[in-house]
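The next block holds one structure in the form of structure tokens; read it before the comments.
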Ligand SMILES: [Cu+2]
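Residue numbers (the working numbering): 4 to 498.
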């Protein structure tokens, strides 16, 4: 980030919002019905554009917040694309600054990926053709302007993206949209006393990423979803700038994870809790046939440099731990995310099978080469790059290609993290996790990923089947958006 801009936003951030007031406001507005975003079918049609627009939304936090959205005041429709078809989403920029739409998790060439080089100027229209050939999965899309991704996504420029695979059928899986198949876009936000979204960067915020004390799901404060009295599938997307969630149910009931970033797991995986880092997705199925209302809750985020010594800034000045955590409702510090009220009849035919069909296959084979990706912050980053956030000793430079990857070759990337855990994301593919901190990771537990929370070191196998040129390279970066904007990003070609 350029220094002049950093100082400007720092000055406005000094007016630290009163969290005490906003926590009380969040409590009083919680429990509104969960908004279910409309589905926009982007396969084979170009007549319903995504329009990047500005909005003013009353989140119930004391006033109207200035927001951004795709075709709606905040967030965007759920885009649906089908495997084997060409999707033709259209982006129109009706704002007075540049935006993009990056198809996060989509295996598409760099030329249509929506990265920083594809910045769409005000008034312009972009109509990429996306050849969809990957397993069914829950992806998302968001703006990806270098240095502005944090504030733009924070204000609302993101949405969910579903890949359907007509050839892979899992008849028993809950799939009735809004009844037993529920989109859950989780974000934490800071509101000031006037109910306005607060975004500002001081040094601690830049180092830990912006955390908020109010939880939004699909743009509503800690809402309540009326769902089927049966098996309910939650498509969880962490669309927060920096917060890592540890999700579980308040009554301790277990659930099954059925999908990760790249699509369905080979078999449902029984879990009591699930860690979801920024940009990660997971699909879970929870059994609500007992008719009891439950609350999806999260433990506080403990991911902080120096054990939280540097915490503070926008999130409060207490230091240590998750100082911006929403109000705790249980002794272990868990806060509410989403209430589920099973008051609708369950669709017929629900059953969770022993195995799941049509998921991604692992990347296998002897790697042709190894590559190191060191996600650096603080002294390590400064030493190499003179910037507090960097990768391999270099801060992101739009004019520099960091490396070239031969198309179709399997590579082993060793990703390491510095000072705290970083959610590592790479464009254009889904990868297989081999090991984390030296321990082998079974494919059944992770499936294929495009985001991995690296806490120490991880070995991943990657292969890129689509091209990315010098003009429109692929990005690899930390998905804590303040880290990405601040320089913890690089770019590469595939040819
Ligand atoms: Cu990071």
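Glycine included, C-beta positions come from ideal geometry on N, C-alpha and C.
Residues 292, 349 and 353 of the same chain have their beta carbon placed closer than 6 Å to that of residue 233, with the five preceding and five following residues left out of the count. Shortest gap from the CB of residue 214 to any heavy atom of ligand 1: 6 Å or more.
Contact annotation: the stretch 71-82 touches the stretch 26-41, with at least three C-beta pairs closer than 8 Å.
One residue after another in chain order, those with a Cβ under 5 Å from a heavy atom of ligand 1 are 425, 481, 483 and 486. Judged by DSSP secondary structure, residue 438 falls within the beta strand (DSSP E) whose first and last residues are 434-439. Comparing alpha carbon positions, the residue from 103, 471, 286 and 493 closest to residue 377 is 493. Ranking 112, 491, 129 and 63 by CA distance to the CA of residue 27 puts 63 first. When DSSP states are grouped into helix, strand and coil, residue 264 belongs to the coil group. Put simply, of 271, 229 and 173 the residue whose alpha carbon is nearest the alpha carbon of residue 185 is 229. Leaving aside the five residues that flank residue 484 on each side, the residues in its chain whose CB is nearer than 8 Å to its CB run, in chain order, 152, 153, 156, 157, 212, 213, 244, 245 and 281. By DSSP's assignment, residue 425 forms a beta bridge with 457.
Looking at 65, 36, 218 and 166, the one whose alpha-carbon comes closest to that of residue 338 is 218. Note that the C-beta distance between residue 284 and residue 240 is below 7 Å. A direct Cα-to-Cα measurement between residue 190 and residue 225 gives close to 10 Å. Taking the C-beta atoms as reference points, residue 288 is found nearer than 7 Å to residue 355. Within the stretch 160-200, the runs of beta strand (DSSP E) at least 3 residues long that lie entirely inside it are, in chain order, 161-167 and 184-192. Around the beta carbon of residue 441, fewer than 16 other beta carbons lie within 10 angstroms, which makes this residue exposed. Between the stretch 470-480 and the stretch 99-115, the count of Cβ pairs shorter than 8 Å is three or higher; the stretches touch.
Linking residue 204 to residue 328 through their CA atoms gives a straight-line distance of about 18 Å. With respect to the 7 Å criterion, residue 370 and residue 415 are classified as neighbours on the basis of their beta carbons.
Under the DSSP assignment, residue 107 falls outside any alpha helix (DSSP H), being part of the beta strand (DSSP E) whose first and last residues are 105-107. The stretch 452-471 and the stretch 426-444 touch, with three or more beta-carbon pairs separated by less than 8 Å.
In chain order, 185, 187 and 287 place their CB closer than 6 Å to the CB of residue 237, counting only its own chain and leaving out the 5 sequence neighbours on each side. For residue 154, the secondary structure class from DSSP, reduced to helix, strand or coil, is helix.
Non-local C-beta neighbours of residue 479 in its own chain, meaning closer than 6 Å and more than five positions away in sequence, comprise 429 and 493, ordered along the chain. The DSSP-derived three-state label of residue 413 is coil. The Cβ-Cβ distance between residue 109 and residue 142 falls below 7 Å. Where residue 110 is concerned, there is no enclosing beta strand (DSSP E), because DSSP gives it neither an H nor an E. Per DSSP, reduced to three states, the secondary structure at residue 487 is helical. With respect to the C-alpha of residue 372, the residue from 136, 394 and 417 having the closest C-alpha is 417.
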